[in-house]
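Below is one structure, written out as structure tokens; comments come after it.
Protein chains: 2
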Amino acid sequence: MTYCVGLLLKEGLVMLSDTRTNAGLDNISTYRKMFFFERPGEVVITIMTAGSLSVTQTAMARLQEAIDAPDADETTSILKAPTLLKAASIIGNTLAETRLEIDEKLNAMNQGATASLIVAGQRKGGQMRLFLIYPEGNFIQATEDTPFLQIGEHKYGKPILDRVVKPGTSLADAKKAVLLSMDSTLRSNLSVGMPLDMAVIERDALQVTQRRRIEAGDPQFRAMSEAWSKALRDGFTQIEI
Amino acid sequence: MTYCVGLLLKEGLVMLSDTRTNAGLDNISTYRKMFFFERPGEVVITIMTAGSLSVTQTAMARLQEAIDAPDADETTSILKAPTLLKAASIIGNTLAETRLEIDEKLNAMNQGATASLIVAGQRKGGQMRLFLIYPEGNFIQATEDTPFLQIGEHKYGKPILDRVVKPGTSLADAKKAVLLSMDSTLRSNLSVGMPLDMAVIERDALQVTQRRRIEAGDPQFRAMSEAWSKALRDGFTQIEI
């Protein structure tokens, strides 16, 4: 499993993903699930992936090949697509085709493959966008009413987002919120694991403004996790029923 | 959907269930999901239900019929079963048979029916027990390491239980923990709804010591919910990253 979350805020985009990948409980590995595509000053796109690794890796590789191809144009390269919406369409189509191909192969074994993506980005002159792309290639967007999107093991970490994330939330608070959301998920579900990848794209920066890998023993993350545990316990103690 | 949670603590058993039942999004009703079977001073059993209403209602009715039957004996009546383990077996078998019957009927329509139960209780001279009974009739028990069991929409409300519930938790704190666990679930999932049913069986009381229905506008529950929101927001604000 996986947990990835993206926020669309007035000040920018915030993304956080874990790295645990497993094929059965005795085959656990670490794979990056956050990918960057950018031409600084022109366009920036971040993609986070959940689901079958063979689907997501192949889809990401195909998107990169299409960017690098000598005949790349605005209908094939997500960096040349004139809008983020068109880029999301290309990504959706690539995901759907890849998934269908692999799914057909696996059907012979009575297995299936599925995957979903979160796409965040901005193109010069355009708005910041945050999409959730479904396995079939269709997608939805984050809005003012629902400024966050999640893929993978999303339930454990949703209550804290429901309570604190609004479009006007500051980037500092947003980073805290996604990290605490991940912290709850890590505690409750074995299939989500450290290290984590976090990225911030500030509004109109047109490049990834901050990227950080948070390793298992990261003292800052641990301190935050312990402070949150303490805050929850203290809050719990103070409440009267 | 549904959310039910049961705790097995040194001081007693604590149960909480919601009442929302839905068949599709436009057919929502309120049904009690917590059932009591007791002979005060001798045996007390509480059952909470999740899943297909036709399965759980029929299974509960059959358990009651078996108790009331003139030829009820220790192999058919859960109140006559010599141990809680044997009572859990009767309940498991009744659930499995009922589910199978209904499932076969629904198979013709390419549909299926499933249900699971939490059973809590104590018999004179025996230990307090807390079981989770699966649709197939097999079951697991709560232990010192895992003093709580959940059925239905369990993920949103698990983080708070993971953090605060230990076997030595007081009954007052336990009631608070299950109510806050429910509060998180109510906020994040539409298929779980008020009113709530809460019950406490104190150790060796051999009867339900406390039962409470919490209605939608309950001022005490609302105050607790708001105090918890405030505690979370305050805790969130104080944490530095």
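Quick mapping for you: the protein sequence lines, in order, are chains A and B.
Everything in the first sequence is counted per the numbering used here, starting at -8 for the first residue and increasing by one.
Everything in the second sequence is counted per the numbering used here, starting at -8 for the first residue and increasing by one.
Backbone N, C-alpha and C define an ideal beta-carbon position, used for all residues, glycine too.
What you are looking at is a predicted structure, and each value in this text was computed from that prediction instead of being measured.
Three-state secondary structure assigned by DSSP to residue i
i, result
"Met100(B)", "coil"
"Leu223(B)", "helix"
"Met215(A)", "helix"
"Gln198(B)", "coil"
"Gln141(A)", "strand"
"Gln229(A)", "helix"
Residue i vs residue j beta-carbon contact at 9 Å
i, j, result
"Arg120(A)", "Thr105(A)", "no"
"Met215(B)", "Ile230(A)", "yes"
"Ser107(B)", "Pro138(B)", "no"
"Ala163(B)", "Ile232(A)", "yes"
"Leu75(A)", "Thr37(A)", "no"
"Arg194(B)", "Gln132(B)", "no"
"Lys109(B)", "Leu86(B)", "Residue identity check: residue 109(B) is Ile in the sequence provided, not Lys. For Ile109(B) and Leu86(B), no; Cβs fall outside 9 Å."
"Asp153(A)", "Arg154(B)", "no"
"Leu233(B)", "Ile205(B)", "Residue 233(B) falls outside the range modelled here, since chain B spans only -8 to 232, and no answer is possible."
"Leu0(B)", "Thr160(B)", "yes"
"Asp225(A)", "Ala111(B)", "no"
"Thr67(B)", "Ile82(B)", "no"
"Phe227(A)", "Ala57(B)", "no"
"Met6(A)", "Ile192(A)", "yes"
Through-space distance from residue j to residue i, alpha-carbon basis
i, j, result
"Thr176(A)", "Lys149(B)", "10 Å"
"Ala78(B)", "Ile69(B)", "5 Å"
"Ala52(A)", "Thr134(A)", "29 Å"
"Tyr22(A)", "Thr40(A)", "10 Å"
"Leu(-2)(A)", "Phe26(B)", "43 Å"
"Val183(B)", "Ile142(A)", "22 Å"
"Thr10(B)", "Pro186(B)", "6 Å"
"Met189(A)", "Lys24(A)", "11 Å"
"Asn129(A)", "Gln211(A)", "38 Å"
"Val156(A)", "Tyr(-6)(B)", "25 Å"
"Pro61(B)", "Glu33(B)", "20 Å"
"Lys115(A)", "Ser220(B)", "39 Å"
"Glu2(A)", "Gly15(B)", "39 Å"
"Glu217(B)", "Asp174(B)", "10 Å"
"Leu54(A)", "Asp17(B)", "42 Å"
"Ser8(B)", "Lys96(A)", "44 Å"
"Ser43(B)", "Arg213(B)", "30 Å"
"Asp136(A)", "Thr49(B)", "42 Å"
"Pro31(B)", "Pro158(B)", "25 Å"
"Asn84(B)", "Val(-4)(A)", "43 Å"
"Asn101(B)", "Ala165(A)", "45 Å"
"Asp59(B)", "Ala99(A)", "53 Å"
Same chain only: Cβ atoms within 6 Å of residue i, ignoring 5 sequence neighbours per side
i, result
"Ser20(B)", "Thr12"
"Glu29(B)", "Val35 and Gln198"
"Asp94(A)", "Gly103 and Ala104"
"Ser45(A)", "Ile93"
"Arg203(A)", "Met189"
"Phe122(A)", "Ala79, Val110, Phe130 and Gln132"
"Glu88(A)", "none"
"Gln209(A)", "It should be pointed out that residue 209(A) corresponds to Asp in this sequence rather than to Gln. Answer for Asp209(A): no residue qualifies."
Neighbourhood of residue i by C-beta distance below 8 Å, restricted to the same chain and skipping five residues each side
i, result
"Gln118(A)", "Leu75"
Beta-carbon proximity list for residue i, same chain, < 7 Å, skipping 5 on both sides
i, result
"Asn180(B)", "Met(-8), Glu144 and Tyr147"
"Asp64(A)", "Lys71"
"Ala207(A)", "Met185 and Pro186"
"Pro73(A)", "Glu65"
"Thr47(B)", "Thr40 and Ala106"
Closer than 8 Å: residue i CB and nearest the ligand SAM heavy atom
i, result
"Leu223(B)", "In the structure shown, the ligand SAM is absent, as is every other ligand, since no ligand is present at all."
| task | Could you pull out every unbroken alpha helix (DSSP H) segment of at least 4 residues lying fully inside the segment 143 to 179 of chain A, listed in chain order? | result | The segment 143 to 179 of chain A contains these whole alpha helix (DSSP H) runs: 149 to 155 and 162 to 179.
| task | Any chance you could list the alpha helix (DSSP H) runs of at least 4 consecutive residues sitting entirely within the segment 44 to 116 of chain B, in chain order? | result | Segments of the alpha helix (DSSP H) lying fully in the segment 44 to 116 of chain B: 44 to 59 and 75 to 98.
| Whole runs of the beta strand (DSSP E) within the segment 5 to 48 of chain A, excluding any shorter than 3 residues | With a minimum length of 3 residues, the continuous beta strand (DSSP E) runs that stay inside the segment 5 to 48 of chain A are 11 to 13, 19 to 21, 25 to 30 and 34 to 42.
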